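To start, the structure itself, in structure tokens.
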Ligand SMILES: C[S@@+](CC[C@H](N)C(=O)[O-])C[C@H]1O[C@@H](n2cnc3c(N)ncnc32)[C@H](O)[C@@H]1O
Ligand code: SF4
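Numbering (my numbering), first residue to last: 1 to 442.
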């Protein structure tokens, strides 16, 4: 099937409620229980693919930030966090008993949240030590990332992470405008964010990444530019810049609905702000390597976990509540609440919620969609792996995007223009199969 029958997609203007960021394809709403037996069958087959990535979800936070769309549990008692960590370790041991996982060396590990740094040193040691004894965590592991929240970090905690082999700290800064952070109920302020960078540097991480969000309510163009100027002074190895999404499940969306709070920057404004940030970062020696990332040294800072593995169809073992992973072309996702997740694991079963077996066309589209986020698609890669010429297979959306000045089609690659790269997430649905367009995302 080609994309010739798909209706046009228009660029969004106002920041309305809904999902924008595309993290996977097909949309999660299409995954279902009926595909779980396919996933179980794949687990029973010896793996053809080496190596394996690991994602571990820590769904706890000390507070709920009003803009955040992650499902998190706030101020959970230490005992229930301990119980959760034990469940994650049981889940790891359970997976290790299947032929598709057994003995496969881990290449990348990512601890995301929530707030993984909300754990105590003892809990971190229990978790990472426990994973190492249950999964083949060997010298093959070349990138271990831990998401960090300013205000939950201590020198001791960061030293323990480095000691355990974590080499990449990803710190959630969001903005350095204190008034915006305060109004959004975020406990971490600009001073703590600045201190967090110093602490992480002192601990000796190989790479320090800072997360920002362009277009938070209350942010102005001037305060955004001041934030980026100060970020440059902090000299991180890389920066991630998301464009603000007002999602259904955020506190902010409920508040916005009741009494329109602050006017939200529009999508064209957010793109302009990110463009400004990328220009400022280029001038400071950084290179934008995707729609969201600018890095200081593109040879060393590769975000291998995502760009070289997940976005290229590699297998990913995902542990913890609501986590999603991928095995042999089949997506799977865990139960999305703590009670059902714990109950399933403690009964000795895998805590699966839904799965999706992709057909070859969907696998191709998934890689096109995710790799477009890097700003380019290599024609030879897709010809070699899928036996197609992207220029013919996707002639209609590519032609349309080229006409709008959002991409160029060359002999060796398809490349997004600067405006195309900043628009990546809204243009990606043009590459969906028609029946996946307009459906709920999650
Ligand atoms: C799990 S959080 C990072 C770690 C930590 N919990 C923190 O807040 O510092 C992952 C990232 O998602 C981004 N994010 C959260 N809500 C967002 C939203 N509504 N729009 C855009 N990005 C968002 C933030 O940049 C955040 O750092
Ligand atoms: S932004 Fe981070 S700290 Fe805030 S609620 Fe979301 S995951 Fe938790």
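Heads up, the beta-carbon is just placed ideally off N, CA and C, and yes, glycines get one too. Just so it is clear, the structure is predicted and the values come from calculations on it, not from any experiment.
Item	Value
DSSP state of residue 250 mapped onto helix, strand, coil	coil
Distance between beta carbons of residue 339 and residue 59, contact taken as under 8 Å	Contact doesn't hold; Cβ gap of about 12 Å is too wide.
Nearest-angstrom beta carbon gap, residue 45 and residue 100 [assumed within contact, 8 Å]	6 Å
Per DSSP, the bridge partner or partners of residue 288	294
Neighbouring residues (CB closer than 6 Å to any heavy atom of ligand 2)	61, 64, 65, 68, 70, 72, 113, 114, 115, 149 and 172
CB-CB length for residue 88 against residue 127, believed under 8 Å	7 Å
Residue 213 CB to nearest heavy atom of ligand 1 below 8 Å	yes
Residue 317 versus residue 39 - alpha carbon distance	12 Å
With 16 other Cβ atoms within 10 Å as the buried cut-off, status of residue 48	exposed
Backbone CA spacing between residue 429 and residue 357 [nearest angstrom]	19 Å
Helix, strand or coil at residue 34 [DSSP, three-state]	helix
Near ligand 1: residue 431 beta-carbon under 8 Å from a heavy atom	no
Alpha carbon of residue 90 to alpha carbon of residue 136, nearest angstrom	15 Å
Environment of residue 202 [buried if 16+ CB atoms lie within 10 Å]	exposed
Cβ-based burial, residue 274 [other Cβ within 10 Å; buried from 16]	buried
Candidates 175, 217, 206 and 171, of which the one nearest residue 197 by Cα	171
Three-state secondary structure assigned by DSSP to residue 314	coil
Integer-rounded CB distance, given that residue 418 should sit under 8 Å from residue 378	19 Å between Cβ atoms; not a contact.
Supposed close pair residue 409, residue 398 - CB separation, criterion 8 Å	6 Å
Distance CB(residue 217)-CB(residue 67) smaller than 9 Å	yes
Proximity below 9 Å, CB of residue 176 to CB of residue 230	yes
Contact test: residue 321 Cβ vs ligand 1 heavy atom, cutoff 8 Å	no
Per-residue burial, residue 326 [other beta carbons within 10 Å of its own, 16 or more giving buried]	buried
Given 8 Å, three or more beta-carbon pairs between the region 23-37 and the region 274-294	no
heavy atom of ligand 1 below 8 Å from residue 291 C-beta	no
Beta-carbon proximity check, residue 270 vs residue 15, cutoff 9 Å	yes
Residues near residue 4 in its chain [Cβ-Cβ closer than 8 Å; skip 5 each side]	With a pLDDT of only 38 at residue 4, under 50, the local geometry of the prediction cannot be trusted, and no value is derived from it.
Contact under 9 Å by Cβ, residue 35 with residue 330	yes
Separation of residue 149 from residue 173, as counted between CA atoms	8 Å
Cβ neighbours of residue 249 in the same chain (closer than 8 Å, five flanking residues each side left out)	69 and 71
Same chain only: Cβ atoms within 6 Å of residue 435, ignoring 5 sequence neighbours per side	none
Residue 341 versus residue 182 - alpha carbon distance	33 Å
Own chain partners of residue 162 with C-beta closer than 7 Å, once the 5 adjacent residues on each side are dropped	203, 204 and 205
Residue 19 versus residue 367: straight-line alpha-carbon distance, rounded	20 Å
Distance between beta carbons of residue 363 and residue 333, contact taken as under 8 Å	Not quite, the Cβ-Cβ distance comes to about 17 Å (not below 8 Å), so this is no contact.
Distance CB(residue 262)-CB(residue 234) smaller than 9 Å	no
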